[in-house]
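To start, the structure under review is shown below, and the notes come after it.
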Amino acid sequence: MKKVTLVFAMLLFTVLAASAQIETPVTWSYAQKKISNTEAIVYIKATIQDGWHIYSQTVKPGGPVKTTITFNPSKEFTKVGVTTEPKPLSKFEKVFDMNVGYFEKSVVFQQKIKLNKPATTVTGTVEFMVCDESKCLPPDEIKFSVQVK
C-alpha cells in the first residue's frame with residue numbers, strides 16, 4: 001500500500017510540475033545594420049503577446065520597472081548618443097499614481113555605435129517588466145549578443 005501511495009504522489013507532483021509553466025509573453029530578437037565603414041545601428045526588438053505590455057525607457061522614479069538596455073563596455077565600439085525608442089503609448093496607472101509610457105505588440109529599440117574595427121560583437125543586457133491588465137511578472141533580465149560585420 002505504501003508503494004502505491006508513493007507512486008501516486010510522485011505521479012501527481014510530476015503532473016503538477018509540468019502544468020506550472022513559466023509565462024514568457026515577450027520574446028527578444030536582435031539585428032544590426034552597418035551604415036558606413038565606421039558606424040552601425042544595433043536593433044533590439046521585443047515581440048509582445050496580445051494583452052501584455054512592457055514599459056518605456058523613460059518611466060519616472062516611483063513607477064513600474066522601466067526597460068533598461070545596458071551595453072557591455074568594449075574597445076571595439078563606442079555608443080553614439082542614447083538608445084532610442086518610438087513614441088510610447090501612455091496611460092494613467094492608479095497603482096503608481098502617474099502616467100506611464102508602454103509598448104504593446106512589438107517595439108524596436110535602436111543604438112547607433114561607432115566602430116573601432118570593421119567587425120565586432122556587441123553584447124549587453126535588457127532589463128524589463130511585463131504586465132497585463134491584472135498582474136505584472138517579476139522584472140526579468142536577458143543577455144544579448146549581436147555580430148556587427
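Sequential numbering from 1 applies to the sequence shown in this note's numbering. Glycine included, C-beta positions come from ideal geometry on N, C-alpha and C.
Item                                                                                                      : Value
Exposed unless 16 or more other CB atoms sit within 10 angstroms - verdict on residue 138                 : exposed
Reference residue 110, options 135, 126, 97 and 119, closest by Cα                                        : 126
Reduced DSSP category for residue 82 - H, G, I as helix; E, B as strand; rest coil                        : strand
Beta strand (DSSP E) runs contained entirely in the region 46-120, provided each spans 3 or more residues : 53-55, 68-71, 77-84, 89-93, 98-103 and 106-115
Beta-bridge partners of residue 141, as assigned by DSSP                                                  : 127
Validate contact between the region 57-67 and the region 86-106 using beta carbons, cut 8 Å, 3 pairs      : yes
Of the listed residues 65, 78 and 68, nearest to residue 118 (C-alpha basis)                              : 78
Contact under 8 Å by Cβ, residue 31 with residue 148                                                      : no
8 Å Cβ cutoff met for residue 48 and residue 135                                                          : no
Residue 103 beta carbon less than 8 Å from that of residue 64                                             : no
Spatial distance of residue 94 from residue 100 (CA atoms)                                                : 10 Å
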